[in-house]
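Structure record follows, encoded as structure tokens.
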Amino acid sequence: MLNANETLKAIQAMEKLIPDPKSDLAFEDPFQLLVAVILSAQTTDKAVNQIMPALMAKYPTAEALSQAQTKDIEALIRTIGLYRNKAKYLKAMATDLVEKFSGQVPDNRQDLESLAGVGRKTANVVLSLAFNQPAFAVDTHVERISKRLRMVPQDATPRQIERIMTEKLPEAWWSKAHLLMVLFGRYYSKANSSQCAELLGIEDMVERTSLD
1 MLNANETLKA
11 IQAMEKLIPD
21 PKSDLAFEDP
31 FQLLVAVILS
41 AQTTDKAVNQ
51 IMPALMAKYP
61 TAEALSQAQT
71 KDIEALIRTI
81 GLYRNKAKYL
91 KAMATDLVEK
101 FSGQVPDNRQ
111 DLESLAGVGR
121 KTANVVLSLA
131 FNQPAFAVDT
141 HVERISKRLR
151 MVPQDATPRQ
161 IERIMTEKLP
171 EAWWSKAHLL
181 MVLFGRYYSK
191 ANSSQCAELL
201 GIEDMVERTS
211 LD
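One point on numbering: in full-length UniProt numbering, the residue at position 110 of the sequence shown is 110, and numbering is uninterrupted.
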């Protein structure tokens with residue numbers, strides 16, 4: 001497994017490929033980001049971006065979304081996967097925002113995770129992108145890349161991956177590392193780990209750790 005210095009070196013190699021990493025999700029405020037992240041589960045960011053303008057035009061605030069009929073939300077998001085469940089989550093999340101936080105998205109993990117449909121990954125994304133707080137979210141891209149490049153054990157769970165990566169990386173790198181790994185996994189990751197490592201120029205380092 002890569003040590004802390006090697007892990008940071010791999011992330012820095014990704015930064016050379018992607019010097020200005022930004023989320024592919026389009027949003028204008030914390031509420032829009034929260035909605036978009038909930039919608040993005042098992043769906044592409046591109047698909048989410050296509051439905052967000054109409055959804056936000058009709059329900060621009062938590063108050064408006066909390067009063068919506070579930071079937072009306074479904075009609076606006078039916079082009080993405082799991083749209084029925086996501087419509088229920090969105091309405092419940094918006095209701096929680098109104099009842100617990102006066103319609104405002106909270107800026108701390110405990111309160112974010114108290115919202116319907118919001119787990120640790122979603123909370124980390126919102127903390128990082130909306131509130132510029134150091135956080136490391138683990139999605140399918142991050143899990144795949146971290147295991148391919150031997151940054152974490154092959155059987156690590158998402159929570160374990162988050163713990164290991166935040167222990168290895170300086171706090172100032174957490175949010176950027178998440179974005180870099182997502183974008184590297186989405187646009188550069190090849191069929192196997194050796195190709196990923198070769199692209200980053202760290203194949204010898206990864207090969208050595210694979211023999212440990």
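Every residue gets a Cβ at the ideal spot worked out from N, C-alpha and C, and that includes glycine.
- For P60 and D24, the gap between their C-alpha atoms comes out near 20 Å.
- Just so you know, the alpha carbons of P153 and E15 end up roughly 23 Å apart.
- For Q104 and L65, the gap between their C-alpha atoms comes out near 13 Å.
- Taking 8 Å as the upper bound for CB-CB distance, R109 and A123 are in contact here, some 5 Å apart.
- Rounded to whole angstroms, the gap between the alpha carbons of I51 and N3 is 42 Å.
- Contact check between the stretch 175-184 and the stretch 128-139: three or more CB pairs, one atom from each, fall below 8 Å, which counts as touching.
- By the Cβ neighbour-count rule, A172 is exposed, with fewer than 16 other Cβ atoms within 10 Å of its own.
- Contact annotation: A10 and I202 have beta-carbon atoms nearer than 8 Å.
- Here K168 is buried. Its C-beta has 16 or more other C-beta atoms within 10 Å.
- C-alpha of A94 to C-alpha of N5: approximately 42 Å in a straight line.
- R208 has its alpha-carbon roughly 44 Å from the corresponding atom of E28.
- If you check the CB distance, H141 and G81 do not come in under 8 Å.
- With a cutoff of 8 Å on beta-carbon distance, K147 and A137 are scored as not near each other.
- The three-state reading of DSSP puts F184 in helix, counting H, G and I together.
- By alpha-carbon distance to A62, the top candidate from Q32, L183 and R84 is Q32.
- In the structure shown, the three-state DSSP call for I18 is coil.
- The straight-line gap separating the alpha-carbon atoms of K58 and M1 is approximately 49 Å.
- Across the structure, T157 and A36 are spaced so that their CA atoms are roughly 24 Å apart.
- Shown here for L97: same chain residues with a beta carbon closer than 6 Å to its own, the five before and five after excluded, namely A62 and G103 in chain order.
- If you ignore the 5 residues before and after L8, its C-beta comes within less than 8 Å of the C-beta of K168, L169, P170 and W173, all in its own chain and listed in chain order.
- In this structure, the alpha-carbon of L149 lies about 7 Å from that of A197.
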